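Step one of this worksheet: look at the structure below.
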Amino acid sequence: MLPAEISVAGERLILHPHRALYWDRLRWLVVSDLHLGKAAHFRKAGAALPEGQDEGTLARLDALIANFRPERLLILGDLFHSSHNTSWAPFTAWALRQSIPLHLVPGNHDILADRRYADAGLHVCDDTLEEGPFVFAHEPAERPGVYGMGGHIHPGVVLSGQARQRLRLPCFWFGERLAIIPAFGLSTGLHVIRPERTDRVYACTERAVLDVNGAFAGRATSPRTK
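In terms of this note's numbering, the sequence shown is residues 11 to 236.
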């Protein structure tokens, strides 16, 4: 794996190809938009999604925790895709095996009863969590005096290659005062972004995080714009 290291608001951050961010000083592992239970939700409605998506998502989390040995796992919303279904029990079993605190900043999809989160050992935060120079939230929003970190929009880029090849990749998007991290779950889509020229964008392949600033066309919006 080839992660990328960057400095934001004076803090060293590691961007991992598995679409996770590691805050080095506090040893926090940060992910967003797992959307566990999505396949089960759509199966109930008669639509088929590939099997094993949740297992793959949690296996990647296991690998990241083993690699970084973080002090905390912070999930920036949309942990679970919908109302309670059969996918919640495997996640609860996974969560209870963890030896580190699990914190959830709730997102618009996090609609389960409070007892479900408590039974899984999750600490549910307010809509925002401020720590050091950062304020973490599910839906990205700028706040005075701090640098925002969010998820929600599942940012991605389209890279063009030779022979008119076009590749869609999830990405980290860093603006002047706000960042959006990619969706972590394996059953999530992409929202193609149009960054400003001063923004920093890092695309995730299966094995590397690539600095793609200036490598794609279309610039007009900022991280706070969905």
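From the three backbone atoms N, C-alpha and C, an ideal C-beta is built for every residue, glycine too. All figures in this text were calculated on a predicted structure; none of them were measured in a lab.
Terminal residues of the continuous alpha helix (DSSP H) containing residue i?
i	result
L36	Run containing L36: none; DSSP gives neither H nor E here.
Beta-carbon separation of residue i and residue j under 8 Å?
i	j	result
H148	V115	yes
G195	H45	yes
Whole angstroms are fine: how far does the CA of residue j sit from the CA of residue i?
i	j	result
T215	F182	12 Å
F78	D34	9 Å
D43	V167	17 Å
L122	S197	19 Å
F52	S97	Confidence at F52 is low in this model, with a pLDDT of 48, below 50, so the placement of that residue is unreliable and no value is reported for it.
L25	R204	20 Å
R187	P154	9 Å
Under the three-state reduction of DSSP, which class applies to residue i: helix, strand or coil?
i	result
D43	coil
R204	coil
D221	strand
P130	A small fix is needed here, since residue 130 is Ala in this sequence, not Pro. Coil, per DSSP.
P100	helix
R107	coil
G166	strand
What residue does the beta strand (DSSP E) around residue i start on, and which one ends it?
i	result
E152	Run containing E152: none; DSSP gives neither H nor E here.
E21	E21 to H26
T138	T138 to E141
DSSP beta-bridge partners for residue i?
i	result
I190	G160 and W183
C214	V219
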